[in-house]
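Enquirer:
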Amino acid sequence: MAVDLILKDGIVIVNDRETIQSIAVDNGKIEGFYKQGEEPEGKKIIDCRGLYILPGLIDMHVHLRDLHQSEKEDYETGTMAAAAGGITTVVDMPNSIPPVLTRKVLDEKIASASQKRFVNVGFYAGIGKIFDSSMVPDILGLKVYPHSPLLYGIHFDRKQIEKCVKLAKKHNLPLLFHPDSSSKDDRPRTREEFFHIHSCESEVNSVQAFLDAKVEYEARLHVCHVSCSATARLILEHRAEHTLTAEVTPHHMFLSGDMFPHDDGTAKMLPPLRSPYDTQMLAQALCMKCAIDCVASDHAPHTMPEKTAPFLEAASGIPGLETTLPLMLTEVFEGRISWIDFLRCCCSGPAMILGIPNKGILAQGYDADIALVRRQEWYISGADFQSKAKITPFEGRRVLAKPVTTIVDGQIVYHEGRFMVGPGIVGKVPIRKA
Ligand code: NCD
Ligand code: ZN
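Count the sequence shown with our numbering and you get residues 169 to 602, in order.
1) How is Asn195 classed by DSSP in three states: helix, strand or coil?
2) Curious, which full-length alpha helix (DSSP H) runs of at least 4 residues does the region 564-602 contain?
3) Within the present structure, is the beta-carbon of Ser351 separated from the nearest heavy atom of the ligand NCD by less than 8 Å?
4) Between the Cα of Ile298 and the Cα atoms of Ile307, Leu495, Thr270 and Ile365, which residue gives the shortest distance?
5) Pull up the distance between the alpha-carbon of Lys212 and that of Phe291, whole angstroms please.
6) Short of 7 Å in beta carbon distance, which residues of its chain neighbour Gln579, apart from the five on each side in sequence? Order them along the chain.
7) For the ligand ZN, which residues have a Cβ under 6 Å from at least one heavy atom, in chain order?
8) Return yes when at least one heavy atom of the ligand NCD lies under 8 Å from the C-beta of Tyr243, else no.
9) Which residues mark the beginning and the end of the alpha helix (DSSP H) in which Asp509 is found?
10) Looking at the structure shown, is Ser190 part of a helix, part of a strand, or coil, going by DSSP?
11) I want to check one thing, is the minimum distance from the CB of Asn195 to the heavy atoms of the ligand NCD below 8 Å?
12) Is Met437 near the ligand NCD, in the sense that its beta carbon is under 8 Å from a heavy atom of that ligand?
13) For the putative contact between Gly294 and Pro262, defined by C-beta atoms under 8 Å, what is the C-beta separation to the nearest angstrom?
14) Cβ-heavy atom distance between Ser395 and the ligand NCD below 8 Å?
15) Going by other Cβ atoms of all chains shown within 10 Å of its Cβ, with 16 needed for buried, is Cys332 buried or exposed?
16) Can you tell me which of the three DSSP states His229 falls into?
17) Looking at C-alpha atoms only, which residue of Met303, Ile575 and Glu545 is the closest neighbour of Arg600?
18) Suppose you measure from the CA of Ala400 to the CA of Thr417; what does that come to, to the nearest Å?
19) Hey, how far is the Cα of Asp300 from the Cα of Ser349?
20) Closer than 8 Å: is that where the CB of Ser484 sits relative to any heavy atom of the ligand NCD?
21) Run the CB neighbour count on Asn288, radius 10 Å, all protein chains shown included, and call it buried at 16 or more, exposed below.
22) How do the region 449-463 and the region 400-411 stand: do at least 3 beta-carbon pairs fall below 8 Å, yes or no?
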């Protein structure tokens with residue numbers, strides 16, 4: 169019997185080395201690995217000579233907006249951006265309008281995504297005054313924003329943090345948090361005040377507060393977008409705890425604040441870009457010290473007027489789905505990040521943190537979520553993004569890797585700039601293992 173698809177003679181990374189192999193895909197799963205000439209028959213064959221066959225990336229921190237913010241992004245454009253970026257699973261944050269605090273809103277998001285998606289879309293929920301536990305079976309984690317709670321009247325004091333930690337423990341979910349101990353009332357009047365409010369000190373203090381609460385309850389904590397060397401150091405001290413994981417974004421690793429005039433919102437995001445020293449230390453924390461478990465884009469799209477407004481009025485957040493893979497693989501090709509660290513942080517690490525089985529590595533029986541990538545020099549241009557958000561601080565940056573074909577569940581979704589299926593045809597809500 170012929171298998172559905174053969175990815176023939178591509179470059180497959182085995183133990184940090186490039187090998188030439190073919191991968192057979194059948195029934196949405198990886199059927200096996202074959203040496204040249206030993207492949208089974210395939211109903212379809214893709215010639216992968218010169219292409220890297222990689223597990224599709226898992227981006228565990230994205231804002232796909234939709235619902236009442238579809239002018240910024242929706243599940244269609246957001247997951248098209250993911251597919252074009254070699255990302256096969258994204259997990260959507262709950263700070264939407266309306267926020268995900270109830271089963272009703274979660275259901276609306278799941279329904280919308282199922283009609284529009286091009287890749288797998290998972291969900292997080294926030295924590296309201298009373299936690300709606302009926303959401304638990306369909307979410308991959310809880311996410312909280314201490315500096316900007318999803319509900320009016322919630323303050324992230326010690327009691328609130330403990331409540332969140334306890335809930336995460338009770339439902340065996342990771343508690344993701346945006347490390348920032350400022351408050352919504354801290355309104356910056358100048359650029360300097362903005363950076364001062366969202367300082368490294370504020371980030372470190374926030375991580376410390378959650379760590380203090382975790383000690384008692386041993387819940388799983390996940391620190392979102394670590395941006396400061398001091399935070400990476402604090403996390404490193406707690407590395408032995410298997411209940412603590414941490415994430416970094418490409419922009420915090422590869423861009424520093426001094427590279428931008430900050431006249432408008434082009435490079436405005438939370439946490440803000442830091443010093444060149446911080447960027448260096450984050451890359452080290454990822455590669456040498458293993459203080460970082462995963463890379464996520466924090467894809468946070470906003471409209472053109474919101475980003476071109478003067479800095480203080482501009483919205484925080486930048487698109488990232490179409491730049492993560494090219495930026496990360498450029499580091500690999502230039503020898504600054506190993507294949508192991510790339511695969512660990514972009515693919516297997518997030519699958520492990522989220523507890524989603526059968527994703528994140530290329531192995532027999534695993535889901536056939538695959539990115540085919542060409543080593544090629546090109547320059548990032550926001551105008552070419554599938555995302556509705558076209559302003560990127562990486563504009564004009566030289567990169568060395570181009571996603572060519574993206575496969576989800578064994579089906580070719582994207583190939584050389586074109587979408588091969590309609591919206592809602594492929595992709596699922598990834599479910600945690602019990
Ligand atoms: C995010 C957004 O726009 O939703 N903005 C950002 O600057 N990262 C919110 C967030 O992740 O904090
Ligand atoms: Zn975010």
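Beta carbons: idealized from backbone N, C-alpha and C, even for Gly.
Expert: Considering the structure as presented:
1) Assigned with DSSP and collapsed to three states, Asn195 falls in coil, not helix or strand.
2) With a minimum length of 4 residues, no continuous alpha helix (DSSP H) run stays inside the region 564-602.
3) The ligand NCD never approaches Ser351 closely enough for any of its heavy atoms to be under 8 Å from the residue's Cβ.
4) Ranked by Cα distance from Ile298, the first of Ile307, Leu495, Thr270 and Ile365 is Thr270.
5) Spanning the alpha carbons of Lys212 and Phe291 requires a straight line of approximately 33 Å.
6) Non-local beta-carbon contacts of Gln579 in its own chain, meaning distances under 7 Å to residues more than five positions away in sequence, involve Val589 and Val594 in chain order.
7) Chain-ordered, the residues whose CB falls short of 6 Å from any heavy atom of the ligand ZN come out as His229, His231, Met261, Asp466 and Ala468.
8) No, the ligand NCD has no heavy atom inside 8 Å of this Cβ.
9) Trp507 to Leu511 is the span of the alpha helix (DSSP H), which, as asked, contains Asp509.
10) Strand, per DSSP.
11) Flag unset: Cβ of Asn195 not near the ligand NCD.
12) Yes.
13) The pair is a contact, with the Cβ atoms about 4 Å apart (cut-off 8 Å).
14) No.
15) Label assigned to Cys332: buried.
16) Reduced to three states, the DSSP call for His229 is strand.
17) When the alpha-carbon of Arg600 is set against those of Met303, Ile575 and Glu545, the nearest one is in Met303.
18) Spanning the two alpha carbons is a distance of roughly 13 Å.
19) Answer to the nearest angstrom: the Cα atoms are 25 Å apart.
20) It does: the Cβ of Ser484 is within 8 Å (strictly closer) of some heavy atom of the ligand NCD.
21) Here Asn288 is buried. Its C-beta has 16 or more other C-beta atoms within 10 Å.
22) By the Cβ test, the region 449-463 is in contact with the region 400-411, since at least three Cβ pairs between them sit closer than 8 Å.
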